[in-house]
Structures are given as C-alpha cells and as structure tokens.
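Residue numbers for the sequence shown follow our numbering, beginning at 335 and rising by one.
The beta-carbon is built from N, C-alpha and C at its ideal position, and this holds for glycine as well.
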Amino acid sequence: MIFEPRRMHPVAGFLTFLKQLKELILPLIFLFFVGPGDEFEKYYLLGACVFIFLMLVFGIFHWYRYTYRVENGELRIEYGVFIRKKRFIPIERIQTIDVSAGIIQRMFGLVKLQVETAGGGMQAEAVLTAIKEDEANQLREILSRSKTHQEDEIETQHTRVTYQITSKELLVLASTSGGIGIVISGVLAFLSQFAEYLPFEKLYNTIEKYVSLSILIYIIVLIALFLLIAWFVGILIMTLRYANFTVVKREDELFITRGLIEKKQTTIPLTRIQAIRIGENLIRQPFGYATVYIESAGGSLNKGEDFSTVLFPLVKKSAINDLLQHFVPDYQMQAVENFVPPKAKWRYMFRGMLFFILFVPAIVTLSYVFSAWGYLGLLLLPIGAILGYSRYKVAGWSIVDDQLTLQFRFLSKITVLHHKRRIQSMDKKQSFLQRKKELGSVRTFIKSAVTGKGFEVKDLNEPDCWAIWDWYTKRNKVITEDITVE
C-alpha cells in the first residue's frame, strides 16, 4: 500500500502550465494583433512575457503542493497553491481507472492516470497528470483491489488480445464517422471568437447587391471543397484516435486501449456496466456495420461521449452476439418484435418536420436574397417528414427473461440492452393527445454521470406500455406515471 505522500513527476508542473496557456491562446493571439501602438509595444510585450512566466511559476507550485497517497482504504489527495484542499476517495466508490500517455508523457516514460467515481460529473475525481508507468500500475492494482502484483504479472504474460480492430475496419470507421463534424465545429468555434469584429452587415449588403448565379455556383464549389478537406481531416483525427484499439478481458474486468499519438487505457469492471448501446449511423447501417458502447456508472475514454465507452468501434451487426457472449455474457442482442402502431406514424412525421419548421423565417430571408434559389430551403420540410417516418419504422421493444431491449432513432438507429437489475427507475408517460389514441411512452433510467441517463420510446401501444410496466414492477423498483398535456 502507498502510505507516504508522493508527488507527481516534475513534468506535471510544465503540463499544468501548457494547459493554462492553451486556455488563453486565443486571447493572446487576439491581443498580439490588436495590441497597442509602437510607443507602448515594448511594455506590452514585456507584460505578456511576465504574465506567461508567472503562469509557469504557478504550474511549478501546483506540482509541488499536489500530493497523493493510499491510506485506510482511501485515495487521499492534497493540493492547492494558496488554499490547501483535501480530497478523500473511498476505494469502493471508484468505478473506473483510465491511463493515458500523450506526447510529452511518452518523451519521459510517464503516463496520466484518472480516477472516476459514479456521480462524479464530467470531471475526474482525481487526475495524476505525470507519474511513472510502474507507479500507475501499482496504484491501479491497489485501487482495483486485484490480486498481488506478482500474480497479475504472471497472468498478464498469458493473456492474449481477444479483440483488435483491423486496418480495414479502422479505415471504414474513420471514413464513415462524424469526424467532419468535429472539424467544422472546431473551425466555427475559432471564428466565433472574432465574430463581433467581422463586418456581417456590410457582407450581407454586398451579397444582396452583387450576388449572381455564377457567384453562387462559385460559393457552392468552395463550400464543397471545404467539406472535402474537412472530411479528410476528420478521417485523420479518427484514425489517430482509434488506432491500435484493443479489448482484453481478464477475470471480471475489461481493459480497453486505443490511440496512436496519445495512448489511452481504461479499466471497466463488469459489475459497473449499466447497459449496452448499439449505434448504427445513416452511412454504416446499409452496410450492416454498427458501433457498440458500454454505458457505465462512471468513466469514459472520451468525455464527449457522455460517459459511454466504446467497446467495439466498428463491427458487423451479425457478429455482435458472439462478441457480447465473450465479453459481457449478461447481455445478448435480441430482435425487436414489438413496434409502434400505424396510428403513431403521423405523430412521428410531424415531430420530424417540427424542427425544420423553425427555419421557415430563414428560408423566407434566403428567398428574398437569392430569389427562387432560396425556396430550395423548403425541401427541409419533406426531409424532416422522411426522417420522422424512418424513426417510426424502427421504434420498438422486446423482452426476453430479464433483458429489456429498446430501439429508436434520432439520426442514428439506437438499440439499448437493459438488464432488469441495472435499471434505476422507469417512467410511463401519456399526454392528453396520446391518451385519446391509446398511446404512451416508456423511458428507462440508468446510473450514469450525475443525474443518470435515460432512453425513451415514444407512442407505443398502451397495452405495450403496461406489459413493460408489469415486467419491471416485479422487483418493486421506483416507477412514475405522468399525465401531461401535449
């Protein structure tokens, strides 16, 4: 056991400095371009250098004041430069332990260790940004309450990789992922920092005065070129993120490793798995590919995934059951046998169009600027209706023994596998309009993040809602019934 307080590697101080500098990089760039005139430029640069130097000093003090130890069944952390803070984390509350190694950590043979707890929110309960790899392994063994370190080393030598993504699967994954969205959102986020300084009104007046069909085609070509470049950049990002993706099952734990430049590893006990989620986006679904996620009480390789950990990044849907049987045998993918009734079709189609109806004022504006071309925006309405119809076609449920399967769609088709004992609570909802058509909605809640996570299938037949209700109430869980006016 680690009883004496330890400090991280001194590199942790430099990493703290880089993190602060990264958060201020955009304001610093802006001040560099719009700084004072020549008369005060030298004082301005001197002040900026002093400020950056103070940030580096703060990082060093932060490293020196940050200590950790394991004592009396707790991970104890003390930190704070000006105000001393203490955080004690009981070992039994720890859900997952993530280990990663960025470029700087790899240069010094170090790793980053994060400790996650159920209900810990979007931030890790404890983060050790730079410690030696053997220390991380020792700490992980202690916190995960495993066997002795020597026994684990012997077992590790005989452990074989039971799942590893192939080069072909990695390429398909990167090509069909939402990486382009990450690039576009990043560009827009960067531009938004300077939005108040851009002459939007002047630009609008220029477009209104000089725009023509040829210029419009030129703009469309530029947009298409930008999207193509963003797609290639997205492929690169996803390739680096999921390269060397492996899953190893050892006893009652899953060890998931991924990443090329920044290597990340997470440990998930099988007892912490709350549900299995299977996602099929619009591009992969026609080819029979899907992504399998673990919904856990805490911990994720990517916080943007909302406490969902990728178990299989890309897998043939026909192979999912075999893989689940090997890694998480408590869950099996079941065919959905009960779908929403035909009388719910128009409700789904209306909800699909409702979002795009909000864009009608913008469509009218475009029509005024671009003449008849602006009316192409009205095509959003039938697109919304088609989207709503596709949601109607997949929505459904099934029950086999102690497993409930819910299926629905937002953009991607989602299938969620629940084990009865992992469902925290269930809502049965029925609005006034649903009541007239003898319809209802069922929503399940599992333990995840701070407030939990829910999955809902809308407009089921009322007898189906009662069937799910009766299946769940046999174990006297918390269930609520809501009557709302829609």
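Who are the Cβ neighbours of residue i in its own chain at under 6 Å, not counting the five residues just before and after it?
i	result
residue 436	596
residue 793	674, 678, 681, 773
residue 729	674, 742, 791
residue 574	594, 595
residue 795	675
residue 488	With a pLDDT of 41 at residue 488, under the threshold of 50, the predicted position of this residue should be treated as unreliable, though the coordinate-derived value follows. Hits under 6 Å: none found.
residue 622	650, 651
residue 474	431
residue 421	411
residue 334	Residue 334 falls outside the range modelled here, since the chain spans only 335 to 820, and no answer is possible.
residue 448	432, 458, 461
residue 860	An answer regarding residue 860 cannot be provided, because it is not within the stretch 335 to 820 covered by the chain.
Which residue from the options puts its Cα closest to that of residue i?
i	options	result
residue 659	359, 647, 496, 767	496
residue 451	737, 475, 423	423
residue 461	403, 443, 571, 767	403
residue 415	409, 393, 767	393
residue 511	358, 566, 466, 352	566
residue 655	744, 625, 676	625
residue 759	411, 441, 735, 777	777
residue 716	688, 726, 447	688
residue 805	733, 764, 620, 475	733
residue 399	761, 468, 409, 417	417
residue 578	564, 558, 502	502
residue 386	396, 408, 410, 354	354
residue 477	408, 412, 434	408
residue 746	756, 727, 753, 764	727
residue 612	556, 581, 748	748
residue 598	420, 446, 459	446
residue 629	756, 657, 564	756
residue 470	586, 340, 803	340
residue 771	754, 786, 797, 802	797
residue 615	583, 582, 744	744
residue 803	627, 763, 557	763
residue 583	419, 657, 563	657
residue 413	459, 587, 653, 553	459
On the DSSP bridge list, what partners appear for residue i?
i	result
residue 474	Bridge partners of residue 474: none, in fact.
residue 377	Paired residues: none, contrary to the question.
residue 592	598
residue 447	433, 462
residue 347	In the DSSP output, where bridge partners are listed per residue, residue 347 has none listed.
residue 791	776
residue 609	629, 752
residue 580	498, 591
residue 603	587
residue 575	Answer is none; residue 575 lacks a bridge partner.
Can you name, in chain order, every residue of its own chain whose Cβ lies under 8 Å from the Cβ of residue i, other than the five neighbours on each side?
i	result
residue 723	679, 682, 683, 686
residue 343	442, 444, 464, 465, 466
residue 426	407
Residues in its own chain within less than 7 Å of residue i by CB, not counting five upstream and five downstream?
i	result
residue 359	none
residue 788	777, 778, 779
residue 721	686
residue 576	499, 504, 507, 592, 647
residue 345	438, 442, 444, 464
residue 351	389, 390, 393
residue 617	510
residue 859	Outside the displayed span of the chain (335 to 820) sits residue 859, for which this structure offers no information.
residue 662	604, 607, 610
residue 671	732
residue 585	none
residue 751	609, 610, 665, 667, 737, 739
residue 786	758, 779, 780
residue 800	none
residue 719	683, 686, 687
Tell me the start and end of each unbroken beta strand (DSSP E) in the segment 380-444 that is at least 3 residues and wholly inside, in chain order. 401-405, 408-413, 419-424, 428-435
Curious, which full-length alpha helix (DSSP H) runs of at least 4 residues does the segment 612-689 contain? 654-661
Any contact between the segment 583-602 and the segment 429-449? By contact I mean 3 or more CB pairs, one from each, below 8 Å. yes
Tell me the start and end of each unbroken alpha helix (DSSP H) in the segment 751-777 that is at least 4 residues and wholly inside, in chain order. 766-770
If you pair each beta-carbon of the segment 580-592 with each one of the segment 644-664, do three or more pairs fall below 8 Å? Verdict: yes, contact present.
Check whether the segment 731-749 and the segment 661-669 touch, using three or more Cβ-Cβ pairs below 8 Å as the test. yes
Enumerate, from N- to C-terminal direction, the unbroken beta strand (DSSP E) stretches of 3 or more residues contained entirely within the segment 717-755. Listed in chain order, the complete beta strand (DSSP E) runs (minimum 3 residues) inside the segment 717-755 are 730-734, 737-743, 747-753.
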